[in-house]
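Start counting the sequence shown at 4; every next residue gets the next number (the numbering used here).
The beta-carbon is built from N, C-alpha and C at its ideal position, and this holds for glycine as well.
Fair warning: this is a prediction, and the values are worked out from it, not measured in the lab.
Take a look at the structure below.
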Amino acid sequence: WNRGQARAWGLEDKMADWQRGGAVQPPPSLVPAYLMIQFEPDGVDSDRYYLSHWRQSDAEGWHPVPGVTLHLHRDDLPREVEQLIEQTEERWADLRQPVVLEFILPWELLGEPVEWWHKESSSSSPTPLVMDYAVLVRSFERLRKAAWHRPWHKKWRHLKEKPADSHPYWNRPGRSQFHLELELKEDEHAVCLVLSQPPGTDSPASQQEFMAALRAGIPA
């Protein structure tokens, strides 16, 4: 009807110009969208975890939307994460922001190479997650214990405001947890701890080092 009226009044060119002008899209937001995936230990069965997730795509503010929590065996976690990412990509098909994957991992899974878990695993050439996303890892224990957050925020502020004055701390094997925690707390420039052994293992020493780092607020 509009086109007919425009043709009758000789306004077709003006109507076409108006339609083209209305098609201009705003620039894409630089604020990333986040898919946050958390593995919470069962507490009874050491091989089972609660998988929870949140989607955050609101460029105007932090409003994560929670999803359904699943109770899974450890061996099923990569497959479920793959399905979750595929569902999220379908939901965000028109999203123009970059997407970040954030894993919240308990101690025993910190050594799990989640960034190399796959998409398209049923194909002949699966794609590792790190090829398509920035992958972040956070400590489940730290996020759950708010009493550790004040020194954590203090260290982060120092890292952001004075990055040139910040440095990593390399722990030596055989160092007691008490002395390590003391030095990390006294050294305000230490923002990263390199463990003497890999994380996520059965080694009590590396787990004690990790706990010292959390209590001292070490960001990484």
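Could you check where the beta strand (DSSP E) with residue i kicks off and where it finishes?
i	result
R51	R51 to Q59
W12	Careful: W12 lies outside any beta strand (DSSP E) and carries neither H nor E.
L38	A36 to P44
H192	First-last for H192: undefined, no H or E at that position.
L113	L113 -> no beta strand (DSSP E), and no H or E assigned at all.
L73	L73 to H76
P171	H170 to W173
For my contact list, residue i and residue j are in at a C-beta cut-off of 8 Å; report their separation, rounded to the angstrom.
i	j	result
A222	W155	Strictly speaking, residue 222 in this sequence is Pro, with Ala absent from that position. About 7 Å; that satisfies the 8 Å criterion.
Y52	L80	7 Å
G203	L112	6 Å
E85	W57	With a Cβ gap of about 18 Å, E85 and W57 do not count as contacting.
L3	L132	Because the chain in this structure spans residues 4 to 223, residue 3 falls outside the shown range and cannot be described.
I107	M214	The Cβ separation is near 17 Å, so there is no contact.
When burial is assigned at 16 or more other CB atoms within 10 Å of the CB, is residue i buried or exposed?
i	result
V71	exposed
V68	exposed
T130	exposed
A219	buried
Q41	buried
K165	exposed
V117	buried
E184	buried
E2	With the chain represented from 4 up to 223, any question about residue 2 goes unanswered, as that position is not in the structure.
Q210	buried
S142	buried
K158	buried
Out of the options, which has the shortest C-alpha to C-alpha gap to residue i?
i	options	result
W110	R10, R6, A208 and V194	A208
V194	L183, E186, L104 and H170	H170
D205	A96, G7, H192 and G114	G114
H192	E144, R153, Y172 and S179	Y172
S55	L87, Q210, K188 and R94	L87
Note down, in chain order, each residue of its chain lying with its Cβ closer than 6 Å to the Cβ of residue i, except the 5 sequence neighbours on either side.
i	result
A216	L196
M176	One detail in the question is off: residue 176 reads as Pro in this sequence, not Met. Only S199 meet the Cβ criterion.
P101	P35
Beta-carbon within less than 7 Å of residue i's beta-carbon, same chain only, minus the 5 sequence neighbours each way: which residues are those?
i	result
W65	Q59
E123	P129 and T130
H76	D50 and R51
What is the residue span of the alpha helix (DSSP H) that residue i lies within?
i	result
R23	E15 to G24
I88	L80 to R94
A216	P207 to A219
V133	L132 to D135
P154	H152 to E164
E250	In the structure as shown, the chain starts at 4 and stops at 223, and residue 250 therefore has no counterpart that could be examined.
Y144	One detail in the question is off: residue 144 reads as Glu in this sequence, not Tyr. Note, E144: alpha helix (DSSP H), F143 to R147.
Near residue i, what residues of its chain come up, given a Cβ to Cβ distance below 8 Å and the 5 sequence neighbours on each side ignored?
i	result
A11	none
D45	R51, Y52, Y53 and H74
R6	E15 and M18
Against chain C, does residue i count as a neighbour if the rule is that its beta carbon must be under 9 Å from one of theirs?
i	result
E186	No chain C is present in this structure, which holds just one protein chain.
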